[in-house]
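Engineer: What the sequence shown shows, in numbering that gives the first Met the number 0, is residues 0 to 214, in sequence order. Yeah, the Cβ is synthetic: ideal placement off N, Cα and C, and Gly gets one too. All of these numbers come straight from a predicted model, not from anything done at the bench.
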Amino acid sequence: MPGEPKAYAASHPAVAPYVEALLEPEDTVLAEIRARSRAAGLPDIAVGPFDGRHLEVIARAAGARRMVEIGTLGGYSAVCLARALRGDGHLHTFELEAAHAEVARESLHRAGLLDRVTIHVGPALDRLQDVEGDGPFDLVFLDADKASYPDYLAWAERHLRIGGTLLADNVFRKPRGREMADVIHAFNERLASSGRWRATFLPLEDGLAVAVRVA
Ligand code: SAH
Ligand code: MG
0 MPGEPKAYAA
10 SHPAVAPYVE
20 ALLEPEDTVL
30 AEIRARSRAA
40 GLPDIAVGPF
50 DGRHLEVIAR
60 AAGARRMVEI
70 GTLGGYSAVC
80 LARALRGDGH
90 LHTFELEAAH
100 AEVARESLHR
110 AGLLDRVTIH
120 VGPALDRLQD
130 VEGDGPFDLV
140 FLDADKASYP
150 DYLAWAERHL
160 RIGGTLLADN
170 VFRKPRGREM
180 ADVIHAFNER
190 LASSGRWRAT
200 FLPLEDGLAV
210 AVRVA
């Protein structure tokens, strides 16, 4: 309508097939990772093909050389992020489950990226200190247990450089239970209003927060 701002998150059913045909965002390397992760019994919760491409392009645009990912699963998003690294860059990715990390190691090997990525196994909040000496970081991607998002954000506020990029997946997720809804909402509010971040929320597959550390 004339005079009305464009609606948020409103798209057309023809957009996805159009962009899919243009980009073919899931190439054979990524398709193999998705299939092998399923076959290994991993939960089917990796980012989708479009969000994978979004992660890669945002990381490239940020010029990120030192990256941290929390929540590796089978390595799908790690491959997307690591593809954005230039020769001397490095991605540290954190995964609770040893079995998931094994699948991810194979994924990174097949993608030719194992030398640019370190997989840290164990609860991220216990392991993050192992990489703090490699910081401050240019980009942090959160995609693990949602209950710990506030703690991961506090870590990013200490170890992401000013001007660095925070990405967080699933910030529109309808959480199980009121308590989790409150946790994610408080996380989003901190990005929006704490004065430490300049944030936006992309209405992608499950909601992707994109924020730049400003203080
Ligand atoms: N980023 C992945 C998907 C991650 S799914 C992708 O898009 O390809 C979430 C992962 O976080 C799971 O593998 C789960 O085992 C892991 N996780 C859950 N709690 C964790 C914790 N405390 N520390 C590290 N990883 C955790
Ligand atoms: Mg996710």
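Who's in the neighbourhood of the ligand MG, going by beta-carbon under 5 Å from any heavy atom, listed in chain order?
Structural biologist: Per the Cβ criterion, the list is ASP142, ASP168 and ASN169.
Engineer: Starting from GLU68, trace the alpha helix (DSSP H) both ways and give me its first and last residue.
Structural biologist: Looking up residue 68 in the sequence shown gives position 69. Segment 65-69 is the beta strand (DSSP E) holding GLU68; no alpha helix (DSSP H) there.
Engineer: Going by the beta-carbon positions, is the gap between VAL209 and LEU201 smaller than 7 Å?
Structural biologist: Mapped onto the sequence shown, residue 209 falls at position 210. Mapped onto the sequence shown, residue 201 falls at position 202. It is a contact, given that the beta carbons lie within the stated cut-off.
Engineer: Report yes if the CB atom of SER106 is closer than 7 Å to the CB atom of GLY73, and no otherwise.
Structural biologist: Here residue 106 refers to the residue found at position 107 of the sequence shown. Here residue 73 refers to the residue found at position 74 of the sequence shown. Yes.
Engineer: For the segment 122-133 and the segment 80-87, state whether three or more C-beta atom pairs, one from each stretch, are separated by less than 8 Å.
Structural biologist: Result no; under three Cβ-Cβ pairs closer than 8 Å.
Engineer: Ignoring anything shorter than 3 residues, give me the beta strand (DSSP E) runs that lie fully in the segment 94-124, in order along the chain.
Structural biologist: You should have 116-120.
Engineer: Leaving out five residues before and five after ARG189 in sequence, what residues of the same chain have Cβ atoms less than 7 Å from its Cβ?
Structural biologist: What you label residue 189 is simply residue 190 of the sequence shown in a count that begins at 1. Answer for ARG189: LEU152, listed in chain order.
Engineer: On a Cα-Cα basis, can you pick out the residue from LEU113, ARG126, LEU127 and GLY51 that is closest to ASP205?
Structural biologist: Mapped onto the sequence shown, residue 205 falls at position 206. Looking at the Cα atoms, GLY51 is the closest of the given residues.
Engineer: Does the Cβ of LEU127 have 16 or more other Cβ atoms within 10 Å, making it buried, or fewer, making it exposed?
Structural biologist: Along the sequence shown, one-based indexing puts residue 127 at 128. So LEU127 counts as buried.
Engineer: Please report the residue range of the alpha helix (DSSP H) in which ALA45 lies.
Structural biologist: Taking the first residue of the sequence shown as 1, we reach residue 45 at position 46. Taken as a continuous stretch (DSSP letters only), ALA45 belongs to no alpha helix (DSSP H), as it is neither H nor E.
Engineer: Considering only heavy atoms of the ligand SAH, does any lie closer than 6 Å to the CB of LEU95?
Structural biologist: Position 96 of the sequence shown, counting from 1, holds the residue named residue 95. Within the cutoff, so yes.
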